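Structure, as C-alpha cells:
Residue numbers (the working numbering), protein chains in the order written: chain A, 230 to 374; chain B, 13 to 673.
What follows is the structure, encoded as C-alpha cells:
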C-alpha cells in the first residue's frame with residue numbers, strides 16, 4: 230500500500246541584497262515567522278535573476294518561485310528592478326501558458342525596513358502554494374530520483 | 013578539486029536552540045567536496061576564527077562555508093579570517109541559518125532540515141567560487157549631513173574641525189532644529205538658546221561648512237566614498253545672498269494669518285518671515301500659500317520696502333548636484349500627532365497643550381513673552397497638571413510601544429521652573445514610572461519633589477474634559493488605590509516622540525534600513541551604534557532612537573569620527589564582484605551597454621582566436637572601476653557572454669539545484 234506523503238513544497242525565494250534580503254534579516258531579528266519551506270538565495274539585484282534560474286527551479290521540482298526586490302524607484306542600482314518587472318511579466322505569462330499557474334510565481338517589492346511585509350508575503354505565498362499543491366509541469370524526470 | 017571546510021556556529025543559543033548544529037555539521041561532513049566540518053559556540057570570536065584558520069592550514073582548504081548569522085553581519089569578518097589564513101577572501105560563503113532560519117522557526121526538526129539545505133546551497137556555491145582580487149576606488153573628501161538640528165550641527169562642526177568640507181541640508185528655513193525651540197535644558201537648567209545659538213553661528217561661519225537651508229535631499233546615487241546627491245533648494249522667494257535680515261518686510265506684510273511654525277502654531281506670523289530672531293541664516297522666506305502677491309498678484313509691499321532688493325516672486329526651486337564621500341543622517345524627531353487620543357481633549361481645549369508648546373510659552377521669545385498664561389483667556393493659571401507617557405509605552409496600537417526617554421526629565425524641569433517662577437501655582441504629575449537614568453538626573457527629579465513640592469501621582473489619566481473655565485482630570489492614584497477627579501487650569505501632555513517623517517524617505521534613498529518604528533537601524537546595536545549597515549551612511553541623534561541632548565551630542569561626535577575615518581582614506585577597497593564578458597561568446601550587439609546604469613561597458617576591436625580562427629571582433633569590455641555588480645547585463649546578454657563574478661550563472665544554478673534537491 231502506498232502511503233501518501235505529506236506535501237512539503239519547495240519554494241525558492243530570490244532576494245536582492247540591498248532591500249529584500251535585509252528585509253528578510255529584519256523579519257528574522259524581529260522573530261516574525263514564516264514557513265521553513267521558503268529558502269532564500271541572495272542576489273545582488275533582482276535584475277540578476279535570469280529567467281533561466283526560474284525555469285531551472287521548476288525543472289528541478291520547485292513548487293513556487295518568488296522574486297523580491299527593492300520598491301520601484303528605490304533600486305540600489307537605480308533601474309534594476311524595472312528590468313525585473315518587465316522580464317518577469319513576460320516570463321510568468323509564458324509559464325502560465327505552459328501550465329505553471331500564475332500563483333506559483335510572484336514578484337514582490339520588500340524594502341530593508343519591511344520585515345513585517347516580508348513575513349506576510351512569504352506566509353501568503355506559501356499558503357497559495359499549499360492551495361495549488363505539487364507542481365507537475367516542467368519537472369524534468371531525469372532530475373527526480 | 014575543491015577542498016571545503018564547513019563551520020557551523022551555535023551563536024550561543026540563538027542558533028543552537030532551534031537548529032541541531034551538531035547534526036548539521038555531521039551531515040555536511042559527508043557531502044561531496046567537504047573535507048572538514050565542525051561546530052562551535054561562537055564562530056565569530058577569536059577562538060572560533062582560530063578554528064577556521066587552523067582548519068584551512070591543516071586540511072589545505074580551498075574554500076569555506078560558515079553557517080551562521082546573516083552575511084550582512086559577519087561576511088566581512090569571515091573573509092578577513094580566511095585572508096589571514098592565506099585563503100582568498102572570496103572563497104567564503106555564508107549560510108544564513110540565524111536570521112533566515114533559527115530565529116523564525118520554532119520546531120527544531122524543521123529548523124535543522126532547513127539549515128542543512130541552506131548549508132548545502134552555500135556549499136554548492138562555494139564549490140564554484142573563484143578567487144577574486146578587489147580593486148580600489150577613490151574617496152570624495154566631503155561629507156553631507158542631512159538635518160541641521162543639534163545632532164547635525166555637532167557632526168558637521170566636528171568633521172569641519174578635522175579639516176574636511178561638510179554640507180548641511182536642512183528642510184526648514186533655519187538650522188537649529190528642536191533644540192532651538194526649547195527654553196531651558198535639564199538637568200542644569202541652562203538656557204537652550206545660550207548654548208545652541210553660538211554653535212549655529214560657528215557652523216555658519218566655519219569656512220569648511222556650507223549650509224543649504226530650506227532644502228531637501230531629492231536623490232542619492234552612488235556608493236560609499238562616491239555618493240552623488242541631488243539637493244532641492246526650495247524657492248524662498250527671497251535672494252538668500254542679498255537679504256540682510258533687517259526685518260522691514262515683516263513689519264509691512266499685510267498677510268498675518270500664517271501659523272507660526274516656530275511657536276508650534278500658538279500664534280500667527282506674516283507671510284514673509286524670519287523664523288526667529290537668531291535664525292541662521294538670518295534671511296526672510298515667503299510662505300507662498302499666504303503671500304498675496306504670489307497668490308493674487310496684488311500687494312508687493314515687501315518688494316517696495318526691501319532696501320536690499322532681495323525679493324524675487326518668480327524664484328523657482330533649484331537643484332544642485334554634489335559629490336560626497338560620506339553621509340550623516342541627522343533627521344531628528346517630532347512629537348506624535350494626538351488625533352487618536354481624544355480622551356485628553358487636546359483638539360477642543362486650548363488649555364490642554366503639549367510639552368513642546370509649554371516650552372514655547374515659557375520661553376521669553378515665545379508667543380506670550382515667557383509669561384505662563386492659559387491660552388484660552390490669557391489668565392494666570394493656579395493649578396497645572398502634567399500627564400506622562402501620552403502615546404509612549406503604549407501597546408494599544410494608537411501610540412508608540414517604546415519609551416520616549418526624555419519626557420520624565422523635561423516634565424521635572426517644567427514642574428520645577430513653574431514652581432520656581434510662580435510659587436502660587438500647584439503642579440501635579442500623573443506618571444506610570446519615573447525614569448531618571450543619567451548623570452545628575454535622579455537628583456534633579458528629587459529636587460522637584462523635595463524642594464519644589466511637585467505632587468507626583470502614580471497613575472494614569474482616563475479623561476480630561478472642560479468644565480466652565482477649568483479642566484477636569486479623571487485619573488487614578490494607584491498607590492492609594494483610589495480614583496481622582498481633579499480640577500485644574502492647564503493640562504500638559506508629555507507627548508511621545510517619533511522619527512521625522514522624512515527619515516523613511518531619505519533612508520530608502522540611501523538604502524539604509526529602518527525598524528518598525530521608523531528609527532534608522534544601526535549596523536550593530538552595541539558595537540556599531542552610529543553606522544548604518546549600508547556603507548558610508550552614519551547616524552546622529554534621535555533618527556536612531558530617542559535620546560536627550562547630551563547623548564545626541566555624544567553620538568553626533570561619534571558619527572563624525574566614523575566619517576573622518578572614512579574620509580581620511582585615499583582609497584577604498586572596491587567590490588570585485590563585477591561583470592565580465594566572455595570575448596569568445598560576445599557578438600558585440602550592445603544590448604548590455606544599453607541596460608548598464610553606470611556606463612561601465614564599452615566596446616573594443618580585439619583580435620580573437622576562436623578555435624583556431626583568428627579574426628578581429630567588436631567585443632564588450634567592462635570597466636571594473638565603474639561596474640557596481642548589479643548583473644542587469646548578464647540577463648540581457650542574448651549570447652550568454654556576460655557573467656557576474658561572485659554570483660555567476662553556474663553558482664546561482666547550483667544553489668537552485670541544492671535547494672530543490
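Glycine included, every Cβ here is placed at the ideal spot set by N, Cα and C.
Just so it is clear, the structure is predicted and the values come from calculations on it, not from any experiment.
Query                                                                                                                     : Result
Reduced DSSP secondary structure (H/G/I, E/B, other) of residue 462 of chain B                                            : helix
C-alpha gap between residue 452 of chain B and residue 57 of chain B, whole angstroms                                     : 37 Å
Within-8 Å CB hit, residue 259 of chain A to chain B                                                                      : yes
Under 8 Å between C-beta atoms of residue 372 of chain B and residue 381 of chain B                                       : no
Cβ neighbours of residue 332 of chain B in the same chain (closer than 6 Å, five flanking residues each side left out)    : 243
Buried/exposed call for residue 236 of chain A, threshold 16 Cβ in 10 Å                                                   : exposed
Contact residues within the stretch 113 to 136 of chain B, judged by C-beta distance below 9 Å to chain A                 : 113, 114, 115, 116, 117, 118, 119, 122, 123, 125, 126, 129, 130 and 133
Residue 472 of chain B, DSSP secondary structure in three states                                                          : coil
Candidates B/68, B/350 and B/475, of which the one nearest residue 104 of chain B by Cα                                   : B/68
Within the stretch 287 to 317 of chain A, ranges of the beta strand (DSSP E) (whole runs, at least 3 residues)            : 293 to 298
Alpha helix (DSSP H) runs contained entirely in the stretch 59 to 106 of chain B, provided each spans 4 or more residues  : 83 to 96
Classification of residue 252 of chain A by the beta-carbon crowding that lies within 10 angstroms, buried from 16 upward : buried
Rounded C-alpha distance that separates residue 668 of chain B from residue 280 of chain A                                : 12 Å
Backbone CA spacing between residue 220 of chain B and residue 329 of chain B [nearest angstrom]                          : 25 Å
The stretch 588 to 604 of chain B in contact with the stretch 622 to 642 of chain B per 3-pair CB rule at 8 Å             : yes
Interfacial residues, the stretch 632 to 665 of chain B to chain A, with Cβ spacing under 7 Å                             : 640, 641, 642, 643, 644, 646, 647, 656, 659, 661, 664 and 665
Beta-carbon spacing of residue 164 of chain B, residue 73 of chain B below 8 Å                                            : no
Pairwise C-alpha distance: residue 418 of chain B and residue 315 of chain B                                              : 44 Å
Exposed unless 16 or more other CB atoms sit within 10 angstroms - verdict on residue 217 of chain B                      : exposed
CB contact flag (residue 81 of chain B, residue 31 of chain B, <8 Å)                                                      : no
Within chain A, partners of residue 609 of chain B - CB distance below 7 Å                                                : 306, 307 and 308
Exposure label - residue 111 of chain B; buried when at least 16 CB within 10 Å                                           : buried
Bridge partner(s) assigned by DSSP for residue 635 of chain B                                                             : None; residue 635 of chain B has no bridge partner.
Start and end residues, alpha helix (DSSP H) containing residue 662 of chain B                                            : 661 to 672
Three-way DSSP call (helix, strand, coil) for residue 430 of chain B in this model                                        : helix
Supposed contact pair residue 158 of chain B and residue 340 of chain B - C-beta distance, whole angstroms, cut 8 Å       : 7 Å
Test: residue 282 of chain A CB closer than 8 Å to a CB of chain B                                                        : yes
Exposure of residue 304 of chain A, with buried meaning 16 or more beta-carbon neighbours within 10 Å                     : buried
As assigned by DSSP and simplified to three states, the class of residue 416 of chain B                                   : coil
Among B/403, B/499, B/268 and B/541, nearest to residue 397 of chain B - alpha-carbon criterion                           : B/499
CB of residue 476 of chain B within 8 Å of CB of residue 356 of chain B, strictly                                         : yes
Secondary structure, beta strand (DSSP E): runs of 3+ residues fully inside the stretch 231 to 305 of chain B             : 238 to 245
Contiguous alpha helix (DSSP H) assignments of at least 4 residues, all confined to the stretch 602 to 635 of chain B     : 603 to 607
Identity of the residue in A/327, A/332, A/352 and A/324 nearest residue 116 of chain B by Cα                             : A/352
Coarse secondary structure for residue 220 of chain B, derived from DSSP in three states                                  : coil
Proximal residues to residue 101 of chain B (C-beta, below 6 Å), its chain only, five neighbours per side dropped         : 91, 94 and 95
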